[in-house]
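Numbering-wise (my numbering), the sequence shown opens with residue 3 and increments by one. Note that the Cβ used here is the ideal one computed from N, Cα and C, for glycine as well. These numbers come from a predicted model, not from an experiment.
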Amino acid sequence: MRRSIRLISTAAALCAAAIASPIDTLRAQREQQPAHAWLFGAWVGGLFPAPIGLSASSCLGQPVVIFTRDVVLRATLTEVTYIQRVIESARGTQSGVEIHFAGAGSEPPAGGLLGFPGPGGEVGFGCETPDVLHVQRRGDNEIAFPGCREFPNPLVRCPSR
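Set out below in structure tokens:
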């Protein structure tokens with residue numbers, strides 16, 4: 003009888019270690035994520051109000067902003083391609099995250115169509131500085147860029163289905 007109790011306690015300890023290991027691994031991976039990891043993915047709206055009832059395929063076909071670990075891509079009204087900004091750092095705040103981009107350079111971008119920046123010039127989001135983006139979290143699937151004149155409306159995450 004004594005031997006079976008030891009076997010049961012040893013088996014229980016092994017099971018507990020096997021269960022705890024994946025949980026610890028997930029916890030460690032979550033801790034290694036950058037402050038803006040909750041933003042990863044495609045977003046619509048911002049330039050105009052986000053459409054209601056947008057399907058995943060149409061949303062992912064023309065997102066306005068895309069967040070990745072190292073880069074933020076944004077669409078403009080005057081360019082066919084996305085403008086890419088390299089993330090230098092991201093810091094969590096009480097209401098969201100503050101993203102600092104690698105310097106856009108000291109020269110302002112050349113004037114383009116309708117007063118928007120011309121091709122080749124790096125631009126920000128119409129915020130107080132082109133190298134900082136404040137992202138305000140309004141819910142699990144809604145964000146805003148407060149103080150950014152080029153994004154007066156909230157953005158909504160593209161649905162996965």
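### Message
Which of the three DSSP states is assigned to S91 in this structure?
### Response
Looking at S91 - three-state DSSP - the assignment turns out to be strand.
### Message
DSSP has E100 in a bridge; who is on the other side?
### Response
According to DSSP, E100 bridges with R93, H136.
### Task
Could you tell me if I101 is buried or exposed, where buried requires 16 or more neighbouring beta carbons within 10 angstroms of its beta carbon?
Result: buried.
### Task
Give the DSSP-derived three-state secondary structure of V158 in the structure shown.
V158: strand per DSSP, three-state reduction.
### Query
Which residues bound the alpha helix (DSSP H) around G63?
Taken as a continuous stretch (DSSP letters only), the alpha helix (DSSP H) holding G63 covers 58–63.
### Contact under 8 Å by Cβ, A92 with A37
Yes. Within cutoff.
### Query
Roughly how many whole angstroms lie between the Cα atoms of G98 and P51?
Taking the straight line from one Cα to the other gives about 20 Å.
### Query
How long is the line joining the alpha carbons of R87 and A104, rounded to whole angstroms?
Rounded to whole angstroms, the gap between the alpha carbons of R87 and A104 is 7 Å.
### Task
May I have the straight-line CA-CA distance separating Q34 from G43, to the nearest angstrom?
Rounded to whole angstroms, Q34 to G43 spans 18 Å at the Cα level.
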